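**Student:** The structure that follows is given in the form of structure tokens.
Residue numbers (the numbering used here): 165 to 393.
Here it is in structure tokens:
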């Protein structure tokens, strides 16, 4: 297999511009990026550098003003909204810095929810949810609601929920931005194991320079301009 066949996502000269009070903001500028299958890709950069905008385009949440994004060789611009929704439901798992857990549901129920939405039967839902709770080290906290969990535990639940439908790609936007160093390392170890043990492709943004050693491919974005490190 040649190197091109290992490319999962190819962002080709993409830019994203926003109009703000009559001024054009160039959030992402002429970025070309190759995401390889079964690799841990980290995009570093300070707050406001363009990390989230870039991830939103890669995941199909937003579209570039210029350029194109190919997912397994198919242009995301040609996907219907239904196809994009299906892609995010089945192929992409997305984790946000803010956890975004449902406050009235337990850790177990938060993780199980995407499986319910996808019509998975009760036995398979239970088996998969318990497997993921064990994976993120929270089997003993399955009945706890988000407010009863620490920040690190909440983010582990969010990661387990994103993995519930067994996506081939996990996209994580500053997933440890609100966590201390111990919890940050714990999260990165979980994600590294997903790549090594399950063949998951992980795309992650962070401003934490201590975590750069986890990357198979490392990039930095600054004022919308991406460079490979």
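No residue lacks a Cβ here, since even glycine has one placed at the ideal position from N, Cα and C. Please read all numbers here as calculations on a predicted model, not as lab measurements.
Measuring CA to CA, which of 203, 193 and 169 is closest to residue 364?
**Tutor:** Here the question's residue 364 lines up with position 200 in the chain shown. Selected option, being the one with the closest Cα: 203.
**Student:** How many angstroms separate the CA atom of residue 273 from the CA atom of residue 226?
**Tutor:** As a working mapping, residue 273 is identified with position 109 in the chain shown. As a working mapping, residue 226 is identified with position 62 in the chain shown. Between residue 273 and residue 226, the C-alpha separation is close to 29 Å.
**Student:** Among all the DSSP beta bridges, which residues are the ones paired with residue 369?
**Tutor:** As a working note, residue 369 is residue 205 in the chain shown. For residue 369, which the question treats as bridged, DSSP gives the partners 207 and 337.
**Student:** Would you mind stating whether residue 231 and residue 179 have Cβ atoms separated by less than 8 Å?
**Tutor:** Within the chain shown, numbered from 1, the residue matching residue 231 stands at position 67. Within the chain shown, numbered from 1, the residue matching residue 179 stands at position 15. For residue 231 and residue 179, yes; Cβs fall inside 8 Å.
**Student:** For residue 327, is the classification buried or exposed, using 16 other Cβ atoms within 10 angstroms of its Cβ as the cut-off for buried?
**Tutor:** Counted from its first residue, the chain shown places residue 327 at position 163. Buried, by the Cβ-count rule.
**Student:** Which of the three DSSP states is assigned to residue 360 in this structure?
**Tutor:** Translated into positions along the chain shown, residue 360 becomes position 196. Three-state result, residue 360: helix.
**Student:** What residues match up with residue 193 in a beta bridge as DSSP calls it?
**Tutor:** Walking along the chain shown from the start, residue 193 turns up at place 29. Residue 193 pairs with nothing; no bridge assigned.
**Student:** Just to confirm the assignment, what range does the beta strand (DSSP E) spanning residue 392 have?
**Tutor:** The residue labelled residue 392 in the question sits at position 228 within the chain shown. Looking at the DSSP string, the run of the beta strand (DSSP E) that includes residue 392 is 389 to 392.
**Student:** In the structure shown, what three-state DSSP assignment does residue 284 receive?
**Tutor:** Position 120 of the chain shown holds residue 284. Correct three-state label for residue 284: coil.
**Student:** Measure from the alpha carbon of residue 359 to the alpha carbon of each residue in 268, 284, 298 and 200, then state which is nearest.
**Tutor:** Position 195 of the chain shown, counted from the start, is the residue given in the question as residue 359. Comparing Cα-Cα distances from residue 359 to each of 268, 284, 298 and 200, the minimum goes to 200.
**Student:** What first and last residue would you give for the alpha helix (DSSP H) that runs through residue 225?
**Tutor:** Within the chain shown, the letter at position 61 stands for residue 225. First-last for residue 225: undefined, no H or E at that position.
**Student:** Which residue wins for smallest C-alpha separation from residue 173, given the options 302, 221, 317 and 191?
**Tutor:** Here residue 173 refers to the residue found at position 9 when the chain shown is read from its first residue. The shortest C-alpha separation from residue 173 is found at 221.
**Student:** What residues match up with residue 180 in a beta bridge as DSSP calls it?
**Tutor:** Locating residue 180 in the chain shown gives position 16, where the first residue counts as 1. Bridge partners of residue 180: 192.
**Student:** Could you give the C-beta distance for residue 324 and residue 368, rounded to a whole number, given that I count them as a contact under 8 Å?
**Tutor:** As a first step, residue 324 is located in the chain shown; it is residue number 160 there, counting from the start. As a first step, residue 368 is located in the chain shown; it is residue number 204 there, counting from the start. Between residue 368 and residue 324 the Cβ distance is about 16 Å, and since that is not below 8 Å, they are no contact.
**Student:** Below 8 Å on the Cβ atoms is my contact criterion, and I expect residue 215 with residue 351 to pass it. Report the Cβ-Cβ distance as a whole number of Å.
**Tutor:** Working through the chain shown from its first residue, we reach residue 215 at position 51. Working through the chain shown from its first residue, we reach residue 351 at position 187. That pair is no contact at about 17 Å.
**Student:** Keeping to the same chain, check which residues put their C-beta closer than 8 Å to that of residue 160; ignore five residues upstream and five downstream.
**Tutor:** The question about residue 160 has no answer here: the residues shown for the chain are numbered 165 through 393.
**Student:** Under 6 Å Cβ to Cβ from residue 375, same chain only, skipping five residues before and after it: list those, please.
**Tutor:** Start at 1 with the first residue of the chain shown, and residue 375 comes out as number 211. Within the same chain, residue 375 has close Cβ partners 352.
**Student:** Judging by CA-CA distance, which residue of 311, 282 and 290 is the nearest neighbour of residue 303?
**Tutor:** The sequence position of residue 303 within the chain shown is 139, counting from 1. Closest by alpha carbon: 290.
**Student:** Smallest Cα separation from residue 314: which of 195, 262 and 299?
**Tutor:** If you number the chain shown from 1, residue 314 lands on position 150. Selected option, being the one with the closest Cα: 262.
**Student:** I'd like the list of long-range same chain contacts for residue 165, defined as Cβ closer than 8 Å, with 5 residues on each side in sequence excluded.
**Tutor:** For the purposes of this step, residue 165 is identified with residue 1 of the chain shown, where counting begins at 1. Reliability of the predicted coordinates at residue 165 is poor, the pLDDT of 48 falling under 50, and the value obtained from them is presented with this limitation in mind. Excluding sequence neighbours, residue 165 sits near nothing in its chain.
**Student:** Which of the three DSSP states is assigned to residue 306 in this structure?
**Tutor:** Start at 1 with the first residue of the chain shown, and residue 306 comes out as number 142. Three-state result, residue 306: coil.
**Student:** Which residue wins for smallest C-alpha separation from residue 285, given the options 185, 257, 252 and 329?
**Tutor:** Against the chain shown, residue 285 aligns to sequence position 121. Answer by Cα proximity: 329.
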